[in-house]
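Notes to accompany the following structure.
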Amino acid sequence: GDSVTQMEGPVTLSEEAFLTINCTYTATGYPSLFWYVQYPGEGLQLLLKATKADDKGSNKGFEATYRKETTSFHLEKGSVQVSDSAVYFCALSDNRQTSGSRLTFGEGTQLTVNP
Amino acid sequence: NAGVTQTPKFQVLKTGQSMTLQCAQDMNHEYMSWYRQDPGMGLRLIHYSVGAGITDQGEVPNGYNVSRSTTEDFPLRLLSAAPSQTSVYFCASRASGGGTQYFGPGTRLLVL
Numbered sequence: 001g002d003s004v005t006q007m008e009g010p011v012t013l014s015e016e017a018f019l020t021i022n023c024t025y026t027a028t029g030y031p032s033l034f035w036y037v038q039y040p041g042e043g044l045q046l047l048l049k050a051t052k053a054d055d056k057g058s059n060k061g062f063e064a065t066y067r068k069e070t071t072s073f074h075l076e077k078g079s080v081q082v083s084d085s086a087v088y089f090c091a092l093s094d095n096r097q098t099s100g101s102r103l104t105f106g107e108g109t110q111l112t113v114n115p
Numbered sequence: 116n117a118g119v120t121q122t123p124k125f126q127v128l129k130t131g132q133s134m135t136l137q138c139a140q141d142m143n144h145e146y147m148s149w150y151r152q153d154p155g156m157g158l159r160l161i162h163y164s165v166g167a168g169i170t171d172q173g174e175v176p177n178g179y180n181v182s183r184s185t186t187e188d189f190p191l192r193l194l195s196a197a198p199s200q201t202s203v204y205f206c207a208s209r210a211s212g213g214g215t216q217y218f219g220p221g222t223r224l225l226v227l
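Residue numbers (my numbering), protein chains in the order written: chain A, 1 to 115; chain B, 116 to 227.
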């Protein structure tokens, strides 16, 4: 079945450091890929998405490129802020109508940014 | 437009008790689903629905029941709570044509 693997956390960075959170996936067909963010005590919010190979999703300074050849969707940000401290989830959607396009999530990566 | 709402926000149950977690959305989305979030395991799909009157099992359905009598509501029932069901539960919805899944704020459940 489909699966998503994220780099192990937690990740601790200083403000303005460069961020990379690795994400690789296994899926059949043509999945869509997502990064969700969960701030403390809150639900999940969509951060960015990509629906086909070589698409780049971007939002709030975060970027991720859908790499079919390496089955990866790594999250990057050039300069993190304290307010970026959260848990980040990589996810894929199988886009199959019969399954309701169910989401499969990675384990989540806790990011802490220190001033 | 409230999006996806969930009640209650927090609940404590004793082993063997039953309860229903409520989920509602006002976006006229066909697809709705329930996930549980446990430390180090991401979110796992419990049950989902592709429209009113249609439900199916996800990855971890045991101990949970669902029904979908209206487009707006998708309640999750625990018939006999167990400590292993201590978790944070998220409801989500999505339009039938594809696109983003929207999540509710979550229900934190503690089973003693």
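All C-beta atoms, glycine included, are put in the ideal place defined by N, C-alpha and C. Just so it is clear, the structure is predicted and the values come from calculations on it, not from any experiment.
From the DSSP secondary-structure annotation, give me the bridge partner or partners of residue i.
i	result
residue 50 of chain A	A/33
residue 188 of chain B	B/139
residue 13 of chain A	A/113
residue 103 of chain A	A/93
residue 200 of chain B	For residue 200 of chain B, which the question treats as bridged, DSSP gives no partner whatsoever.
residue 147 of chain B	B/164, B/208
residue 171 of chain B	B/163
residue 57 of chain A	A/64
residue 75 of chain A	A/21, A/64
residue 226 of chain B	B/128
residue 27 of chain A	In the DSSP output, where bridge partners are listed per residue, residue 27 of chain A has none listed.
Would you mind telling me which residues of chain A sit closer than 7 Å to residue i, beta carbon to beta carbon, in chain order?
i	result
residue 216 of chain B	103
residue 220 of chain B	42, 43
residue 208 of chain B	Neighbours of residue 208 of chain B on chain A: none; closest Cβ ~10 Å, over 7 Å.
Less than 7 Å between CB atoms is the rule here; does residue i satisfy it with respect to chain B?
i	result
residue 44 of chain A	yes
Which residues in the same chain as residue i place their Cβ atom closer than 8 Å to its Cβ, once the five residues preceding and following it in sequence are excluded?
i	result
residue 170 of chain B	162, 163, 164, 181, 182, 183
residue 158 of chain B	150, 151, 152, 205
residue 95 of chain A	29, 30, 31, 32, 101
Rounding to the nearest angstrom, what Cα-Cα distance links residue i and residue j in this structure?
i	j	result
residue 133 of chain B	residue 15 of chain A	46 Å
residue 10 of chain A	residue 84 of chain A	14 Å
residue 18 of chain A	residue 76 of chain A	7 Å
residue 138 of chain B	residue 144 of chain B	13 Å
residue 121 of chain B	residue 198 of chain B	21 Å
residue 130 of chain B	residue 30 of chain A	42 Å
residue 210 of chain B	residue 1 of chain A	24 Å
residue 186 of chain B	residue 192 of chain B	17 Å
residue 93 of chain A	residue 223 of chain B	25 Å
residue 35 of chain A	residue 91 of chain A	6 Å
residue 115 of chain A	residue 12 of chain A	11 Å
residue 194 of chain B	residue 176 of chain B	12 Å
residue 202 of chain B	residue 225 of chain B	7 Å
residue 124 of chain B	residue 167 of chain B	25 Å
residue 128 of chain B	residue 57 of chain A	41 Å
Quick one: does residue i have its CB under 7 Å from some CB of chain A?
i	result
residue 176 of chain B	no
residue 168 of chain B	no
So which residues of chain A does residue i contact, with C-beta pairs closer than 9 Å?
i	result
residue 156 of chain B	105, 107, 108
residue 182 of chain B	Going along chain A, no residue has its Cβ under 9 Å from residue 182 of chain B, so there is no contact; the nearest lies around 15 Å.
residue 195 of chain B	Under the 9 Å cutoff, chain A gives no residues; its nearest Cβ is about 26 Å from residue 195 of chain B.
At a CB-CB cut-off below 8 Å, which residues of chain B make contact with residue i?
i	result
residue 49 of chain A	215
Which residues of chain A have a Cβ atom closer than 8 Å to the Cβ of residue i, listed in chain order?
i	result
residue 225 of chain B	Those within 8 Å of residue 225 of chain B in chain A number zero; the least Cβ separation is about 16 Å.
residue 179 of chain B	What residue 179 of chain B touches in chain A: nothing, since even the nearest Cβ is about 16 Å away.
residue 204 of chain B	Under the 8 Å cutoff, chain A gives no residues; its nearest Cβ is about 11 Å from residue 204 of chain B.
residue 173 of chain B	102
Residues in the same chain with beta-carbon distance under 6 Å from residue i, minus the five sequence neighbours each way, listed in chain order, please.
i	result
residue 147 of chain B	164, 189, 208
residue 37 of chain A	45, 47, 86, 88
Output needed for residue i: all residues of its chain with C-beta closer than 7 Å, excluding positions within five of it in sequence on either side, in chain order.
i	result
residue 66 of chain A	33, 50, 52, 53, 54, 55, 73
residue 81 of chain A	15, 113
residue 24 of chain A	5, 71, 72
residue 178 of chain B	193, 197, 200
Answer yes or no: does any C-beta atom of chain E fall closer than 7 Å to that of residue i?
i	result
residue 118 of chain B	Among the protein chains in the structure shown, which are A and B, there is no chain E.
Please compile the residues from chain B whose C-beta is within a distance smaller than 9 Å of the C-beta of residue i.
i	result
residue 89 of chain A	157, 158
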